[in-house]
C-alpha cells in the first residue's frame, strides 16, 4: 500500500519494490515487510539517503549553483517539498512514533531519489 502510494506520488513504478520499501523505511534498523505473501527484512533508508544526496549534488558542481542547492535541497526544503507531495503518508514509522518529523521526511525524500537511481530510473 505504501509503495503503490509513493509510486503514484512520484510517477515512477519501481522495478524492484524492495528498494522502494527500503527508501520509505524509518521504523528501525530493520523492519519486516510483506510482499506477495512473503516476509522480507528491509534496512532503514540511511544508505539510500546518502546515495540520494550524492545524486542531487551531481548536477550542481558549478559554484553558481551552490546557493540554489543549499536552499532548495537542504533538509528544510526537502521536508517542505516532501510534505507538499504527501511523502509523509508513505513513510514506514515505528509504532511509538505518532507522525513523521521534518527530518524523517527530508531523509526519506533523499532516500527516494537514491532508490530511483538504484532502480535504474
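Residue numbers (UniProt numbering): 1 to 121. Note that the Cβ used here is the ideal one computed from N, Cα and C, for glycine as well. Treat the numbers as computed from the prediction; the structure is a model and nothing was measured.
(1) Based on Cα-Cα distance, which residue from 27, 39, 33 lies nearest to residue 3?
(2) Drop a sphere of 10 angstroms on the beta-carbon of residue 62, count the other beta-carbons inside from all chains shown, and report buried for 16 or more, exposed for fewer.
(3) Take residue 64 and list the residues in its own chain whose beta-carbon comes closer than 8 Å to its own, dropping the five residues that flank it on each side.
(4) Comparing alpha-carbon positions, which option in 106, 27, 36, 9 lies nearest residue 17?
(5) Can you say whether residue 97 is buried or exposed, counting buried as having 16 or more other CB atoms within 10 angstroms of its CB?
(6) Let me know if residue 112 comes out buried or exposed under the rule of 16 or more other beta-carbons within 10 Å of its beta-carbon.
(7) Taking the beta carbon of residue 93 as the centre, do at least 16 other beta carbons fall within 10 Å, making it buried, or is it exposed?
(8) Just the Cα atoms here: how many angstroms apart are residue 15 and residue 108?
(9) Take residue 44 as the anchor and find which of 56, 52, 31, 38 has the nearest alpha-carbon.
(10) Shortest alpha-carbon distance to residue 103 belongs to which of 88, 20, 120, 41?
(11) Can you tell me whether DSSP reads residue 62 as helix, strand or coil?
(12) Taking the straight line between their C-alpha atoms, what separation do you get for residue 41 and residue 100?
(13) In the DSSP assignment, find the unbroken beta strand (DSSP E) run with residue 14 in it and report its ends.
On the basis of the data shown:
(1) Counting from 1 along the chain shown, the entry for residue 3 is found at position 3. Here the closest residue by C-alpha is 33.
(2) Taking the chain shown and counting its residues from 1, the one referred to as residue 62 is at position 62. With a pLDDT of only 48 at residue 62, under the threshold of 50, the placement of this residue in the model should not be trusted; the figure read from the coordinates follows. Counting Cβ neighbours within 10 Å, residue 62 comes out exposed, since fewer than 16 surround it.
(3) In the chain shown, counting from the first residue as 1, residue 64 sits at position 64. Any reading at residue 64 must be qualified, since the residue scores a pLDDT of 47, below 50, and its modelled position is unreliable; the value itself is stated next. Within its own chain, no residue has a Cβ closer than 8 Å to the Cβ of residue 64 once the five positions on either side in sequence are excluded.
(4) Locating residue 17 in the chain shown gives position 17, counting from the first residue. When the alpha-carbon of residue 17 is set against those of 106, 27, 36, 9, the nearest one is in 36.
(5) Within the chain shown, the letter at position 97 stands for residue 97. Burial call: exposed.
(6) The count along the chain shown starts at 1 and reaches residue 112 at position 112. Buried is the call here.
(7) Against the chain shown, residue 93 aligns to sequence position 93. Answer is buried; the Cβ neighbour count reaches 16.
(8) Mapped onto the chain shown, residue 15 falls at position 15. Mapped onto the chain shown, residue 108 falls at position 108. Near 19 Å, if we compare the C-alpha coordinates of residue 108 and residue 15.
(9) Taking the first residue of the chain shown as position 1, residue 44 is located at position 44. Checked all of 56, 52, 31, 38; the closest Cα to residue 44 is 31.
(10) Here residue 103 refers to the residue found at position 103 of the chain shown. The shortest C-alpha separation from residue 103 is found at 88.
(11) Translated into the one-based positions of the chain shown, residue 62 becomes position 62. Confidence in residue 62 is poor, its pLDDT being 48 and thus under 50, which makes the residue's placement unreliable; the coordinate value appears in the next sentence. Of the three classes helix, strand and coil, the one that applies to residue 62 here is coil, per DSSP.
(12) Translated into the one-based positions of the chain shown, residue 41 becomes position 41. Translated into the one-based positions of the chain shown, residue 100 becomes position 100. Cα to Cα, the separation comes out at about 21 Å.
(13) Along the chain shown, one-based indexing puts residue 14 at 14. Run containing residue 14: none; DSSP gives neither H nor E here.
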